[in-house]
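Line by line, the protein sequences are chains H, C and S. Going left to right, the first sequence walks through residues 298 to 660 as this note's numbering numbers them. Going left to right, the second sequence walks through residues 298 to 660 as this note's numbering numbers them. Going left to right, the third sequence walks through residues 298 to 660 as this note's numbering numbers them. From the three backbone atoms N, C-alpha and C, an ideal C-beta is built for every residue, glycine too.
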Amino acid sequence: MDNTDQIFLKNCWYVAAWDHELIDGRKLARTILEKPVVLFRGESGKYVALDDRCCHRGAPLSMGRIEGDCLRCMYHGMKYDSSGACIEVPGQERIPKTLKVHSYPVEERGHLLWIWMGDPALADPELIVDYPPLHDPEWRGLPAYLHYDANWLLIVDNLSDLAHLAFVHTNTLGGSEEYAYKSKPPKVERLEKGFRLERWHRNSEPPPYLKKVIPPSDHELRVDRRNCVTMYIPGIFLMETMFVPAGSGKENGDLEGVRQFRNSQYMTPETRSTTHFFWNYLHNFDIDNPNIAISLRDSLIEGFHEDKAIIEAQQVLLDRDPSFRMRTLEADVALTHFRQTLKKCISEENEGGPSSSITSAVG
Amino acid sequence: MDNTDQIFLKNCWYVAAWDHELIDGRKLARTILEKPVVLFRGESGKYVALDDRCCHRGAPLSMGRIEGDCLRCMYHGMKYDSSGACIEVPGQERIPKTLKVHSYPVEERGHLLWIWMGDPALADPELIVDYPPLHDPEWRGLPAYLHYDANWLLIVDNLSDLAHLAFVHTNTLGGSEEYAYKSKPPKVERLEKGFRLERWHRNSEPPPYLKKVIPPSDHELRVDRRNCVTMYIPGIFLMETMFVPAGSGKENGDLEGVRQFRNSQYMTPETRSTTHFFWNYLHNFDIDNPNIAISLRDSLIEGFHEDKAIIEAQQVLLDRDPSFRMRTLEADVALTHFRQTLKKCISEENEGGPSSSITSAVG
Amino acid sequence: MDNTDQIFLKNCWYVAAWDHELIDGRKLARTILEKPVVLFRGESGKYVALDDRCCHRGAPLSMGRIEGDCLRCMYHGMKYDSSGACIEVPGQERIPKTLKVHSYPVEERGHLLWIWMGDPALADPELIVDYPPLHDPEWRGLPAYLHYDANWLLIVDNLSDLAHLAFVHTNTLGGSEEYAYKSKPPKVERLEKGFRLERWHRNSEPPPYLKKVIPPSDHELRVDRRNCVTMYIPGIFLMETMFVPAGSGKENGDLEGVRQFRNSQYMTPETRSTTHFFWNYLHNFDIDNPNIAISLRDSLIEGFHEDKAIIEAQQVLLDRDPSFRMRTLEADVALTHFRQTLKKCISEENEGGPSSSITSAVG
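Quick look at the structure:
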């Protein structure tokens with residue numbers, strides 16, 4: 298037990314990094330759920346995550362040296378294997394078993410490195426929410442990362458109500474304020490570990506980010522826009538987006554002329570007030586034109602900076618006045634369910650109840 | 298009740314801004330008494346001050362959009378009228394009365410916008426300390442602003458003992474160290490809500506800031522310098538200054554050859570350790586020469602930066618050691634009366650006593 | 298008693314400054330044991346250390362003016378003599394005895410200014426640990442200073458186990474990782490107020506910093522390297538280093554061809570998490586070549602920045618998790634003794650026991 302137990306769910310998988318962040322022998326120092334972690338790829342190809350703090354005097358192991366799948370602290374030379382056990386102390390013969398650091402389970406899926414911050418005995422790789430488009434050659438995209446000075450749930454909130462597209466992203470990802478008025482979601486499906494919702498914006502203008510990746514001749518066409526969102530605990534956002542010629546009903550039949558996207562976003566708490574945000578926005582058309590993925594990545598960066606400005610401003614205001622109580626709108630059904638469910642999971646985890654082994658993360 | 302109630306007097310008028318700060322549709326985000334406030338001028342010309350925090354998810358309304366006299370939050374599009382009531386939620390038909398933010402009374406006087414942070418029912422505009430030179434065409438000056446990283450009472454202290462002119466402002470506003478030794482104030486008049494004092498420095502050299510706005514031929518003349526100060530709660534400093542030819546006694550008769558200034562300074566707590574400082578230093582001679590006002594503004598900026606250096610250094614030292622107890626000098630009569638009076642007003646306000654409606658701010 | 302009493306030993310001498318820091322009338326503002334101190338040299342040549350906080354309104358005296366051996370506060374002009382007594386208040390005739398600031402005993406030894414932060418009545422100059430090479434013309438070096446964002450004991454720890462030379466300073470002060478494996482110290486001598494240890498690295502390559510100050514023709518010679526360390530409370534590190542032709546045994550006889558260094562380092566707490574670090578690394582060969590001292594100073598700056606990177610990273614990690622408990626290695630005998638001894642001295646000081654007058658700082 299420590300003072301983060303009431304804040305974070307521990308026994309679940311979090312995205313720790315993109316695999317490309319560990320190329321060339323990099324020792325990545327990354328704080329996750331307020332714990333200092335060092336991530337590296339051993340010389341055998343194995344991914345390793347250890348406490349980024351030597352058990353001796355507390356020096357960061359990320360300032361150390363990779364030796365095989367081991368890591369040597371470069372303060373007094375203590376060498377740790379991938380299980381976290383100290384296996385060498387220069388100048389000392391006997392090595393007590395107490396000389397060790399925590400080793401976190403790590404798994405790679407679709408170029409994402411997932412980490413388990415809770416009890417390692419419960420770290421079942423089957424619980425990882427794999428997203429097939431990330432390793433399907435029919436989908437193309439660029440992995441990206443953004444750091445937020447905000448609690449991860451404020452980003453979950455943001456993604457739980459797409460009405461914000463209308464006001465925050467009018468000229469980038471949204472396209473018009475009409476989106477907020479006309480695209481009310483038909484229903485929100487409550488899942489055991491999250492929610493699912495679908496939102497249609499019929500007969501709309503293609504939004505600016507779409508225009509950048511379609512031929513100019515298509516810019517004037519009207520489209521039916523469909524966003525279908527699934528959000529899972531602890532902060533996994535998956536969205537299918539399609540733009541269908543307006544009124545064609547093509548979503549139900551052949552998809553000729555339909556443009557589709559697959560979007561995955563991962564919110565991993567760095568601390569209670571800062572977040573690692575990973576995403577990839579993939580497309581399956583004009584797949585041989587590399588500029589489409591680049592354009593989409595850049596559009597998303599532009600859009601996410603619009604979110605970041607408002608979300609970080611929220612965090613500042615929330616920090617300044619802990620007595621502030623948010624008021625709920627009708628559109629908050631999804632985020633309210635998510636927050637309540639997460640709270641329940643955290644409670645159960647602390648009481649040693651069912652959530653301490655999440656048997657079906659994907660509801 | 299919140300944790301600022303013991304620190305700030307709420308039921309009184311504070312200067313929130315100069316009116317020129319709200320031209321061109323600016324939404325001014327300004328923290329006052331540790332509350333986030335957004336100030337704007339509606340399209341009807343009305344001044345409005347609202348909580349700078351949407352009641353929904355806490356986004357800043359200062360990132361919003363002025364529509365008529367209303368303000369729309371640009372996160373999910375909630376629209377607030379000037380009373381703080383939410384009058385539109387895009388995509389939602391019924392709007393509960395609980396969707397609202399606080400609206401602060403605001404009044405303009407002499408280009409200053411005054412705000413009432415306490416109970417709006419007590420916000421009597423008659424209590425505003427209007428300063429006629431600010432809207433009298435016979436007086437000319439330039440409004441100015443400075444931000445202090447210091448509690449506002451340290452600035453009140455500073456202004457309560459003009460002896461500091463001698464040491465802090467020797468080469469700018471003061472003119473000599475002699476001022477501290479020779480210009481002892483005849484008496485301090487205790488007011489119900491502040492104090493009044495007068496200080497003569499007879500037969501002195503014109504101080505550097507005065508020399509910049511008078512002809513070189515007058516630089517060698519000796520002057521009798523009179524400063525007459527009134528300070529009101531919560532932090533309103535008004536000063537009449539005149540320079541009379543030394544020994545002429547002109548202060549009692551015709552004012553030919555006498556140079557006069559009117560100086561108003563307003564200390565508004567941003568937080569308990571930072572302050573908004575507004576001022577205008579006006580003159581009534583050579584009124585058609587605009588460079589005099591510019592020179593005086595620049596001299597005051599120079600002088601106030603001298604104060605700011607020492608006052609912010611005080612704040613750092615006070616923050617570091619809350620056990621430090623200041624020692625009182627004889628010259629501290631005025632500041633001691635002011636601090637005691639303010640403390641009494643705050644106590645009474647918290648007990649719901651007489652100060653909760655200040656009937657005569659100007660004693 | 299204040300909240301630093303459990304952290305710092307008060308009744309002992311600390312290095313406050315190098316004497317060259319006070320030339321040209323400088324008023325040095327330096328925080329020592331979390332107290333603001335102003336140090337200056339009066340016009341008589343006397344060194345003075347006062348509270349850097351006027352007793353009146355808390356303005357820093359380091360913004361004041363030296364007058365003789367006195368210091369005048371430049372806020373309202375109060376003048377303090379070197380005992381800390383206020384001897385003038387402009388505009389006030391009677392000066393109460395309560396108008397005063399604390400005056401700290403200061404003594405100069407070997408260009409170091411030592412300060413006594415505890416009870417002045419106990420400040421016996423005989424307790425100062427004088428280091429003769431600092432004022433012996435046979436030794437030459439350059440005094441230097443570094444600021445650490447780390448608790449001083451982390452630097453004491455660092456210097457208590459020279460094995461770190463092998464890993465932190467491989468290419469600067471150390472020379473090889475072999476040092477950690479082959480130079481195990483024969484024994485640590487526990488002193489009443491510190492420890493002494495000796496460490497030989499036989500038949501080794503000259504380390505990089507040594508190569509820079511010896512002729513190229515000597516770079517290939519093997520040496521026996523001897524480090525002999527003494528550490529005293531509160532944080533005084535003295536080290537004799539010699540490089541003897543390998544196997545020659547010259548350390549016992551004539552020192553022809555032996556290169557020697559004298560190194561003194563002083564860790565003075567600025568706060569519980571920041572440190573003033575003073576040092577001089579002296580040599581006694583080629584004494585007329587000034588570039589040797591410059592090279593050694595630069596090599597030490599380079600090496601100390603290697604320490605600083607790792608020690609400041611430790612401090613960040615320790616601050617983040619106060620529950621972390623360091624694990625002890627066999628090589629930690631010296632640092633463990635030092636920390637236990639210091640802890641005992643602090644306890645005794647707070648109980649008014651024997652340590653409140655340290656009778657033999659040098660054990």
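{"Item": "Residue span of the beta strand (DSSP E) that contains S:ILE363, given as start and end", "Value": "362–364"}
{"Item": "DSSP-derived helix/strand/coil call for S:GLY322", "Value": "helix"}
{"Item": "Environment of S:ILE643 [buried if 16+ CB atoms lie within 10 Å]", "Value": "buried"}
{"Item": "Inter-residue CB distance, C:SER400 and C:SER380 (contact presumed, cutoff 8 Å)", "Value": "5 Å"}
{"Item": "Inter-residue Cα distance where the pair is C:GLY660 and C:VAL312", "Value": "Here the model assigns C:GLY660 a pLDDT of 34, short of 50, so the residue's position is not dependable and the matter cannot be decided."}
{"Item": "Opening and closing residue of the alpha helix (DSSP H) in which C:TYR476 lies", "Value": "475–479"}
{"Item": "Neighbour flag for S:TYR445 against chain H, beta carbons, 8 Å", "Value": "no"}
{"Item": "Option nearest S:ILE363 by Cα separation, candidates S:GLY322, S:ILE392 and S:THR328", "Value": "S:GLY322"}
{"Item": "Those residues which DSSP pairs with C:LEU579 across a bridge", "Value": "C:ARG559"}
{"Item": "Distance between H:ARG354 and S:SER652 (C-alpha atoms, nearest Å)", "Value": "Low confidence applies here, because S:SER652 scores a pLDDT of 49, under 50, leaving its location unreliable; read the following figure in that light. Rounded to whole angstroms, S:SER652 to H:ARG354 spans 28 Å at the Cα level."}
{"Item": "DSSP bridge partner residues for S:PRO566 (one or two, in chain order)", "Value": "S:THR572"}
{"Item": "Residues near S:VAL334 by beta carbon distance below 6 Å, same chain, minus five either side", "Value": "ARG327, ALA346 and ASP349"}
{"Item": "Members of the segment 388–402 of chain H that neighbour chain D once the beta carbon cut-off is set at 7 Å", "Value": "Checking the listed chains, one finds no chain D in this structure; the protein chains it contains are H, C and S."}
{"Item": "Local conformation of S:LEU632 per DSSP, three classes", "Value": "helix"}
{"Item": "Given C:ARG617 as reference, the closest of S:PRO542, S:ARG499, S:THR568 and S:GLU489 once Cα atoms are compared", "Value": "S:THR568"}
{"Item": "Contact set for H:GLU405: own chain, Cβ-Cβ below 7 Å, skip 5 residues either direction", "Value": "ASP316 and TYR344"}
{"Item": "Collapsed DSSP secondary structure at H:ASP427 in the structure displayed", "Value": "coil"}
{"Item": "Residues in the segment 348–362 of chain C having any Cβ partner in chain H nearer than 7 Å", "Value": "ARG350, CYS352, HIS353, ARG354, GLY355, ALA356, PRO357 and MET360"}
{"Item": "Of the listed residues S:CYS351, S:LEU368 and S:GLU340, nearest to C:ILE607 (C-alpha basis)", "Value": "S:CYS351"}
{"Item": "Cβ-Cβ distance between C:ARG594 and C:ALA441 below 8 Å", "Value": "yes"}
{"Item": "Unbroken alpha helix (DSSP H) run spanning H:ALA590, endpoints", "Value": "587–617"}
{"Item": "Neighbourhood of S:HIS461 by C-beta distance below 7 Å, restricted to the same chain and skipping five residues each side", "Value": "ASN455"}
{"Item": "Contiguous beta strand (DSSP E) assignments of at least 3 residues, all confined to the segment 528–554 of chain S", "Value": "533–542"}
{"Item": "Residue-level contact to chain C via CB, H:GLU567, 8 Å cutoff", "Value": "no"}
{"Item": "Selection of the segment 477–494 of chain H by Cβ proximity to chain C, strictly under 7 Å", "Value": "ALA477, TYR478 and LYS481"}
{"Item": "Which listed residue (S:THR571, S:TRP413 and S:TRP436) has its alpha carbon closest to that of S:VAL426", "Value": "S:TRP413"}
{"Item": "Pairwise C-alpha distance: H:LEU450 and H:VAL465", "Value": "18 Å"}
{"Item": "For C:CYS370 and C:ALA382, believed in contact at Cβ under 8 Å, the rounded distance", "Value": "Not really, about 13 Å apart at Cβ, beyond 8 Å."}
{"Item": "Beta bridge counterpart(s) of C:ALA441 as assigned by DSSP", "Value": "C:TRP576"}
{"Item": "Rounded C-alpha distance that separates H:PRO422 from H:ASN524", "Value": "29 Å"}
{"Item": "Three-state class that DSSP yields for C:CYS525 in the structure shown", "Value": "strand"}
{"Item": "Option in S:ASN300, S:THR301, S:LEU306 and S:ASP299 with minimal Cα separation from S:LYS641", "Value": "S:LEU306"}
{"Item": "Min CB distance C:HIS461 to chain S below 8 Å", "Value": "yes"}
{"Item": "First and last residue of the uninterrupted beta strand (DSSP E) at S:VAL453", "Value": "From DSSP, S:VAL453 is part of no beta strand (DSSP E) but of the alpha helix (DSSP H) over 449–457."}
{"Item": "Chain S contact for C:SER570 (CB, 8 Å cutoff)", "Value": "no"}
{"Item": "Own chain, CB closer than 8 Å to S:PRO474, minus 5 neighbours either side, in chain order", "Value": "The question names Pro, but residue 474 of chain S in the sequence shown is Glu. Around S:GLU474: ALA463, PHE464 and THR467."}
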